[in-house]
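Enquirer:
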Amino acid sequence: MSKVILVLLCKRPAPGVGKQRLAASLGVEAARQVADALLACALEDACAWPGPVVIAPADQGDVEWVQALLLPTHFPVTVMPQVMGNLGQRLNALDRALRVQGGEQLIFIGSDAPGLTTLDYEAACAALQHHDIVLIPALDGGVVLMANRCAWPNLSVLPWSSDRLGISLIDNCRNAGKSVTTIKQGQDVDELKDLIKLSSLLRQDKRPARRMLLELVDTIVSFPEIPYG
Numbered sequence: 001m002s003k004v005i006l007v008l009l010c011k012r013p014a015p016g017v018g019k020q021r022l023a024a025s026l027g028v029e030a031a032r033q034v035a036d037a038l039l040a041c042a043l044e045d046a047c048a049w050p051g052p053v054v055i056a057p058a059d060q061g062d063v064e065w066v067q068a069l070l071l072p073t074h075f076p077v078t079v080m081p082q083v084m085g086n087l088g089q090r091l092n093a094l095d096r097a098l099r100v101q102g103g104e105q106l107i108f109i110g111s112d113a114p115g116l117t118t119l120d121y122e123a124a125c126a127a128l129q130h131h132d133i134v135l136i137p138a139l140d141g142g143v144v145l146m147a148n149r150c151a152w153p154n155l156s157v158l159p160w161s162s163d164r165l166g167i168s169l170i171d172n173c174r175n176a177g178k179s180v181t182t183i184k185q186g187q188d189v190d191e192l193k194d195l196i197k198l199s200s201l202l203r204q205d206k207r208p209a210r211r212m213l214l215e216l217v218d219t220i221v222s223f224p225e226i227p228y229g
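Residue 110 in the UniProt record's numbering is what sits at position 110 of the sequence shown, and the numbering runs on without skipping anything.
1. Over the uninterrupted alpha helix (DSSP H) stretch that includes L22, give me the two end residues.
2. Identify whether V221 lies in helix, strand or coil by the three-state DSSP scheme.
3. Alpha carbon to alpha carbon, what distance is there between T182 and W152?
4. Three or more C-beta pairs under 8 angstroms: does that hold for the region 104-118 against the region 196-216?
5. For the region 204-214 and the region 159-176, state whether three or more C-beta atom pairs, one from each stretch, are separated by less than 8 angstroms.
6. Indicate whether L106 and L98 have their beta-carbon atoms separated by less than 8 angstroms.
7. Applying the 10 Å Cβ sphere with the 16-neighbour rule, what's the burial state of A24?
8. Buried or exposed: where does H131 fall if 16 or more other Cβ atoms within 10 Å of its Cβ makes it buried?
9. Hey, could you find the ends of the alpha helix (DSSP H) V100 is sitting in?
10. Quick check on the DSSP output: what are the complete beta strand (DSSP E) runs of length 3 or more inside the region 131-210, in order along the chain?
11. Below 6 angstroms CB to CB, which residues in the same chain sit around V144 once its five sequence neighbours on both sides are set aside?
12. Quick check on L69: does DSSP put it in helix, strand or coil?
13. Counting Cβ pairs closer than 8 angstroms, one from the region 70-81 and one from the region 25-39, do we hit at least three?
14. To the nearest angstrom, report how far apart Q82 and L165 are at their CA atoms.
15. Return the chain-ordered list of same chain residues with a C-beta closer than 7 angstroms to the C-beta of K3, the five sequence neighbours on each side being excluded.
16. What does DSSP give as the partner residue(s) for C10 in the beta ladder?
17. What's the call for K19, buried or exposed, on a 16-neighbour Cβ count within 10 Å?
18. Taking the alpha-carbon of V134 as reference, which of I109, P15, S156, V157 has the nearest alpha-carbon?
19. With a Cβ-Cβ cutoff of 8 angstroms, do A37 and L8 count as a contact?
20. Just confirm the distance between the C-beta atoms of C125 and I55, as a whole number of angstroms; I'd bet it's less than 8 angstroms.
21. Residues bridged to T78 by DSSP?
22. Among the residues of its own chain, which have a CB less than 7 angstroms from the CB of D12, if the five just before and after it don't count?
23. Can you round the beta-carbon distance between L22 and E215 to whole angstroms, since I take them to be within the 8 angstroms contact cut?
24. Going by DSSP, what residues sit across from L214 in a beta bridge?
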């Protein structure tokens with residue numbers, strides 16, 4: 001596999017599954033609608049990807065759900081469910097499995113960073129030609145894109161879901177002898193305040209799934225009873 005592989009890690013949207021901080025502010029059903037719209041944006045990127053795509057659902061039982069999506073991608077889609085464990089263990093397992101199959105340059109994304117653009121992906125691919133690890137850090141201290149051209153070091157020890165993740169990931173990779181670079185900063189969606197920031201970010205985005213997400217966000221934040229703080 002000489003082309004860069006896009007790997008999307010995702011959960012099947014369902015009431016009460018994921019986005020718990022959003023659910024606490026918006027309610028379970030509204031949070032599910034947001035999760036649906038966010039996933040649609042990530043799938044939009046997968047459909048536009050000019051190379052192999054891997055979709056890695058969090059649950060082994062969701063393979064048929066992914067297959068039923070019938071995504072109009074440029075290349076065949078491989079469905080590779082995640083193993084049990086923390087996110088670091090799951091990423092390490094996916095990385096190993098893809099390298100056994102001949103994968104070399106990989107880009108990992110989740111389904112909560114709709115601000116990623118074609119230019120971001122192109123910049124990540126270009127940077128992979130010169131660096132072992134390419135990251136797009138998140139404004140909250142996490143990461144929204146992780147790319148590598150050699151195996152990840154042990155990621156299970158990292159402080160996942162914390163504001164120290166980005167720095168810890170960089171240190172971990174450099175301590176393992178990998179060259180690391182970062183490009184710009186991105187934004188992921190974990191809380192209501194992230195949705196509000198997202199509204200201005202997506203205002204000029206013409207991609208259909210982003211337009212639908214923006215419409216949903218505008219509807220949500222227009223309700224005065226929702227606490228914006």
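Cβ coordinates follow ideal geometry from the N, Cα and C atoms, glycine included.
Expert: With the structure as the only source:
1. 20-26
2. Assignment of V221 by DSSP, reduced to helix, strand and coil, places it in the helix class.
3. 16 angstroms
4. With the cut-off at 8 angstroms, the region 104-118 and the region 196-216 touch.
5. no
6. yes
7. exposed
8. buried
9. 87-100
10. 133-137, 143-148, 180-182
11. A113, I136, A138, G186, D188
12. coil
13. no
14. 20 angstroms
15. G51, P52
16. P57
17. buried
18. If you compare the alpha carbons of I109, P15, S156, V157 with that of V134, the shortest gap goes to I109.
19. no
20. No, C125 and I55 are not in contact; Cβ-Cβ is about 19 angstroms, not under 8 angstroms.
21. V54
22. This sequence places Arg at residue 12; Asp is not what is there. Take R12, set aside five residues on each side of it, and the residues of its chain with a beta-carbon closer than 7 angstroms to its own are P57, D59, D62, W65, in chain order.
23. Not quite, the Cβ-Cβ distance comes to about 17 angstroms (not below 8 angstroms), so this is no contact.
24. Bridge partners of L214: none, in fact.
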